[in-house]
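Worksheet for the structure shown next.
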Amino acid sequence: MSLIPEKMLSISPALAATIGLEEAILLASLNELMCYGTPELNKGYEWLSVDTQQLQKALPFWSISDLQRISANLRDKGILLIASAPLHESNELRFAFNETTLDHQSHNIAATRTPEKAELGRGAKQISPQWQPEEETLRQLSQYNIPNEFIRNQLPEFIAYWSERNEPQFSWGSKFIKQVLRLWREHQTQETKLSQQTTMHSSWLPTDDAINILTQQAGINGNFVEDAIPEFVLYWQERGEASNTWNSRFIMHVKRQWARFTATMEHNFEPAPIQGNWRPSQELFEVLTLANISHEFAQRLTPEFVLYWKESGQAHNSWNTKFLQHVKREWSRQQSGTSQIASNEQQNNGQQRSNRSNSTRNNSLIDELSDRSWAST
Numbered sequence: 012m013s014l015i016p017e018k019m020l021s022i023s024p025a026l027a028a029t030i031g032l033e034e035a036i037l038l039a040s041l042n043e044l045m046c047y048g049t050p051e052l053n054k055g056y057e058w059l060s061v062d063t064q065q066l067q068k069a070l071p072f073w074s075i076s077d078l079q080r081i082s083a084n085l086r087d088k089g090i091l092l093i094a095s096a097p098l099h100e101s102n103e104l105r106f107a108f109n110e111t112t113l114d115h116q117s118h119n120i121a122a123t124r125t126p127e128k129a130e131l132g133r134g135a136k137q138i139s140p141q142w143q144p145e146e147e148t149l150r151q152l153s154q155y156n157i158p159n160e161f162i163r164n165q166l167p168e169f170i171a172y173w174s175e176r177n178e179p180q181f182s183w184g185s186k187f188i189k190q191v192l193r194l195w196r197e198h199q200t201q202e203t204k205l206s207q208q209t210t211m212h213s214s215w216l217p218t219d220d221a222i223n224i225l226t227q228q229a230g231i232n233g234n235f236v237e238d239a240i241p242e243f244v245l246y247w248q249e250r251g252e253a254s255n256t257w258n259s260r261f262i263m264h265v266k267r268q269w270a271r272f273t274a275t276m277e278h279n280f281e282p283a284p285i286q287g288n289w290r291p292s293q294e295l296f297e298v299l300t301l302a303n304i305s306h307e308f309a310q311r312l313t314p315e316f317v318l319y320w321k322e323s324g325q326a327h328n329s330w331n332t333k334f335l336q337h338v339k340r341e342w343s344r345q346q347s348g349t350s351q352i353a354s355n356e357q358q359n360n361g362q363q364r365s366n367r368s369n370s371t372r373n374n375s376l377i378d379e380l381s382d383r384s385w386a387s388t
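Using the working numbering, the letters of the sequence shown correspond one by one to residues 12 to 388.
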């Protein structure tokens, strides 16, 4: 008994290294079936139908699932055209090699080729500078609802890229389809992101989730968060940018302000009266800048602030904190158009002190920050 009772199947090592061993074996077998079969010419392609029995007789070492998987791989690589349903449903494979036939005589020529010559005729080729996609390629892309203008716009970059790489391919049409599909998905993703973006508007407010993250998880004072909203809205309104992550930006903005505020404000546990030469710290001016309050406005308030509290003789843990509240109060009055003279402010402050005798000695920075009395004046 001969160790080789059947006809040998010849494959190219270079082809197997390029497209895979299994794919090269199936391609060689289909080529032999095409050479000795009776293909039909349709739209420039030679089509042949073979049933599963013929395939398994030629390739008995593979199951139907294996044949389906490998033939699909050849189709995805652009080497094979398939016009039949999956093998386990149709029990046949209707296929054509992805190369056009010049005339009806080519079938007779192909029938006389040896497998080696036929395989050589279907070898990989480098891209031409004048390459254009075939109608079949454009038809496949149109099934994804890709505009023709978008497809055409990708041609120059596609040709230039593969010309520089100088790599041969079995099917440039298949390569082009993959690239256009990838770029189209990226384009759609970008358009979706842009459609969800909105510009900042004056009525914008952070969501409850954003507030909870800041006040409950980050431990930031709620009044501090509330005060940060107008300056945040104004800043981004002036810039005119669009975004779909306003809440995330607001959280980052407040966290940065809070970190700077707590790091720069004084935390002395021993109250002390104000000194005649007291001046607000540079860090305090940075905090005011974050709140869109001008440096000059705060400086104009400093002499009056020092004189008033020096005459009062009261002691406080942090004069920076007290001055910050004073500046914010005066800024609020100026913005609302209800500015009052300094004597009225002192009278109101004196009335508040009489109602809250000595309470400031026990107030912490957070207590002072939480004082909302200035907002109603």
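In this text, a Cβ means the ideal position worked out from N, Cα and C, and glycines have one as well.
Among the residues of its own chain, which have a CB less than 6 Å from the CB of residue i, if the five just before and after it don't count?
i      : result
ARG176 : none
THR210 : ALA253
ALA302 : GLU242
ARG364 : Low local confidence applies: a pLDDT of 44 at ARG364 is under 50, so the model's placement there is unreliable, and no value is given.
Suppose the cutoff is 7 Å on Cβ atoms and the five residues either side in sequence are ignored; what does the same chain contact list for residue i look like?
i      : result
GLN226 : For the record, residue 226 in the displayed sequence is Thr; it is not Gln. The answer, listed in chain order, is GLY233, VAL236.
THR349 : For THR349, the predicted model reports a pLDDT of 48, less than 50, meaning its position is unreliable; a value from the coordinates is still stated below. Counting only Cβ-Cβ distances below 7 Å, and skipping sequence neighbours, we find nothing.
LYS321 : ILE285, GLY287
LEU312 : HIS337, VAL338, GLU341
GLU33  : ILE81
PHE296 : HIS306, ALA309
GLN67  : none
Given that a residue counts as buried once 16 or more other Cβ atoms are within 10 Å of its Cβ, and exposed if not, what is residue i?
i      : result
PHE181 : buried
HIS337 : buried
LEU20  : exposed
PRO314 : exposed
LEU104 : buried
THR256 : exposed
ALA274 : exposed
PHE308 : exposed
SER76  : exposed
PHE261 : buried
PHE272 : buried
SER305 : exposed
GLY251 : exposed
ASN331 : buried
PRO410 : In the structure as shown, the chain begins at 12 and stops at 388. Residue 410 is therefore absent and cannot be evaluated.
Name, in chain order, the residues that DSSP records as bridge partners for residue i.
i      : result
GLU237 : None, per the DSSP bridge assignment.
GLU103 : ASP62
ALA326 : PRO284
ILE93  : PHE106
LYS389 : Nothing can be reported for residue 389, as the shown portion of the chain is limited to 12 through 388.
THR29  : Answer by DSSP bridge pairing: none, since THR29 is not bridged.
Identify, in the order they occur along the chain, each residue of the same chain with its Cβ nearer than 8 Å to the Cβ of residue i, setting aside the five sequence neighbours on each side.
i      : result
ILE188 : GLY89, THR148, GLN151, LEU152
GLN190 : GLN165, PHE169
THR63  : ILE75, LEU78, LEU98, ASN102, GLU103, LEU104
### Query
Where in the stretch 35–77 do unbroken runs of the alpha helix (DSSP H), each at least 4 residues long, occur, reported from the N-terminal end onward?
63–69
### Query
Would you call the stretch 282–295 and the stretch 318–327 touching, i.e. three or more CB-CB distances under 8 Å?
yes
### Message
Does the structure place the stretch 265–273 close enough to the stretch 230–244 that three or more beta carbon pairs sit under 8 Å?
### Response
yes
### Query
Does the pairing of the stretch 154–172 with the stretch 194–201 give three or more beta-carbon distances under 8 Å?
yes
### Query
Taking the runs of the alpha helix (DSSP H) that are 4 residues or longer, which of them lie wholly in the stretch 244–291?
257–275
### Message
Under 8 Å, with one C-beta from each stretch per pair, do the stretch 287–300 and the stretch 243–251 reach the 3-pair mark?
### Response
no
### Task
Would you check if the stretch 35–45 and the stretch 94–103 touch, i.e. whether three or more CB-CB distances between them fall below 8 Å?
no
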